[in-house]
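Undergrad: Below you will find the structure I want to go over with you.
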Amino acid sequence: MRIDAHHHLWDQSVRPQGWMDDATQVAIGGPYSQQDWAAAAEPSGVTHGVFVQTVPDPAETPEVLALAATDPRLAAVVGWIDVDADPRPAGEQLDALIAGPGGEYLAGVRVAAEYSADPDSLDSPPIHALARALAGRDLTLDLLLTPANLGAAERLAAANPETRMVINHLAKPTMREADFRAWADDIAAFTAHEHVACKLSGFLTFDALTMTADRLAPYAGVALAAFGPARMMFGSDWPVSVLGGGYGATVSIAEQVIAPLSEGEQASIWAGTACSWYRGLAAAIDGSLPAGAPRANAPQDHTSTQRIS
1 MRIDAHHHLW DQSVRPQGWM DDATQVAIGG PYSQQDWAAA AEPSGVTHGV FVQTVPDPAE
61 TPEVLALAAT DPRLAAVVGW IDVDADPRPA GEQLDALIAG PGGEYLAGVR VAAEYSADPD
121 SLDSPPIHAL ARALAGRDLT LDLLLTPANL GAAERLAAAN PETRMVINHL AKPTMREADF
181 RAWADDIAAF TAHEHVACKL SGFLTFDALT MTADRLAPYA GVALAAFGPA RMMFGSDWPV
241 SVLGGGYGAT VSIAEQVIAP LSEGEQASIW AGTACSWYRG LAAAIDGSLP AGAPRANAPQ
301 DHTSTQRIS
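Take a look at the structure:
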């Protein structure tokens with residue numbers, strides 16, 4: 001079994017993607033629906049996916065949760081809540097999502113520290129309160145980081161050992177030789193934090209050069225040494241990965257990089273780790289998750305009106 005632990009969906013007629021520059025708009029402006037994801041993923045043997053939030057919009061997560069309740073291929077949702085401007089505590093916001101349509105598919109939320117002007121933004125009290133609220137609900141904290149954020153991320157992990165966390169995209173190493181050792185040392189600091197996992201994802205767009213397995217291998221090796229296969233998971237970062245070659249290229253490079261591992265270790269990266277880290281994912285895939293909608297009889301395709309960001 002192969003699970004895509006990190007993909008996106010968007011329709012900019014519903015929700016603009018403000019992070020895109022003009023060239024990116026031309027290349028991947030979309031829209032991209034769940035059926036589009038399936039068409040890209042299934043030829044590579046990937047059958048189920050985990051949606052990860054795209055923009056800081058509180059309306060996005062409920063919409064995707066509702067979609068998850070109707071489409072068996074969308075097995076979990078990593079959403080977003082506003083811990084800064086929303087007056088409700090993080091736990092109250094999470095409870096509202098869980099109580100809504102498709103709330104049983106909420107697996108966690110993501111914090112995009114990459115976009116903060118403060119590289120230590122993860123040290124803030126609201127983020128630590130969020131981590132505690134997630135732990136109390138068996139939910140996971142995804143972290144979108146750059147190398148500059150790794151110090152604060154390690155402190156967050158050390159202070160919240162009960163909260164499962166997932167570093168996205170290997171923390172986006174620069175791919176510059178001069179930066180490799182500092183990045184590797186910061187990644188190694190997570191070795192002892194057994195509640196932190198890492199995604200082998202996003203690598204097609206680490207820099208402007210064409211990614212290959214040989215280029216990625218030293219970085220994947222550092223992550224494997226720190227986390228081990230049982231704490232690493234595959235993610236396509238589709239459709240962002242279209243910028244660097246697309247779904248098939250992502251899977252092919254991942255296959256080559258993890259080929260030296262045992263069959264069981266590879267299985268962890270393709271599916272096992274994601275099922276361990278994300279609440280309800282395994283149950284959603286095997287059909288045993290109590291659902292608010294009869295997914296077993298849900299249609300496999302959706303009309304264009306069901307395209308969501």
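Following UniProt numbering, the numbering of the sequence shown begins with 1 at its first residue and continues without gaps.
Beta carbons are placed, not taken as given, at the ideal position from N, Cα and C, and that holds for glycine.
(1) Taking the C-alpha atoms as reference points, what is the distance between residue 27 and residue 103?
(2) I believe residue 168 touches residue 132 by the beta-carbon criterion, under 8 Å. Please report the beta-carbon distance rounded to the nearest angstrom.
(3) With DSSP run on the structure shown, which of helix, strand or coil describes residue 76?
(4) Near residue 97, which residues of its chain fall below 8 Å by C-beta distance, leaving aside the five closest residues on each side in sequence?
(5) For residue 103, which three-state DSSP category applies?
(6) Determine which residues share a DSSP beta bridge with residue 227 and list them.
(7) Straight-line CA distance for residue 37 to residue 211?
(8) Quick one: what does DSSP say residue 308 is sitting in, helix, strand or coil?
(9) Considering only residues of the same chain and omitting the five flanking positions on each side of residue 134, which have a CB-CB separation below 6 Å?
(10) I'd like to confirm something about residue 263: is its beta-carbon nearer than 7 Å to some heavy atom of the ligand NAD, or not?
(11) Using 8 Å as the threshold, is the stretch 178 to 189 in touch with the stretch 213 to 223, meaning 3 or more CB pairs across them?
(12) Check the C-beta distance from residue 119 over to residue 83 and give it rounded, since I have them as a contact under 8 Å.
(13) Throw me the rounded Cβ distance for the residue 145 and residue 171 pair, which I believe falls under 8 Å.
(14) Within a Cβ cutoff of 6 Å, which residues of the same chain sit near residue 109, ignoring the five residues on either side of it in sequence?
(15) Which one or two residues does DSSP pair with residue 112 in a beta bridge?
(16) Taking 6 Å as the limit between beta carbons, can you name the residues of its chain near residue 266, skipping five residues before and five after?
TA: According to the structure shown:
(1) Distance between the alpha carbons of residue 27 and residue 103: 33 Å.
(2) About 21 Å separates the beta carbons of residue 168 and residue 132, which is beyond the 8 Å limit, so they are not a contact pair.
(3) Strand, per DSSP.
(4) 61, 62, 65, 79, 81, 103, 106
(5) helix
(6) According to the DSSP secondary-structure assignment, residue 227 is paired through a beta bridge with no residue.
(7) 22 Å
(8) Residue confidence for residue 308 is low, a pLDDT of 31 falling below 50, so the modelled location carries little weight; the figure read from the coordinates is stated next. DSSP places residue 308 outside both helix and strand once states are collapsed to three, so it counts as coil.
(9) Answer for residue 134: 141, 163, listed in chain order.
(10) Among the components modelled here there is no ligand, and therefore nothing to report on the ligand NAD.
(11) yes
(12) Not a contact, Cβ separation roughly 18 Å.
(13) 4 Å
(14) 79, 80, 81
(15) 144
(16) 258
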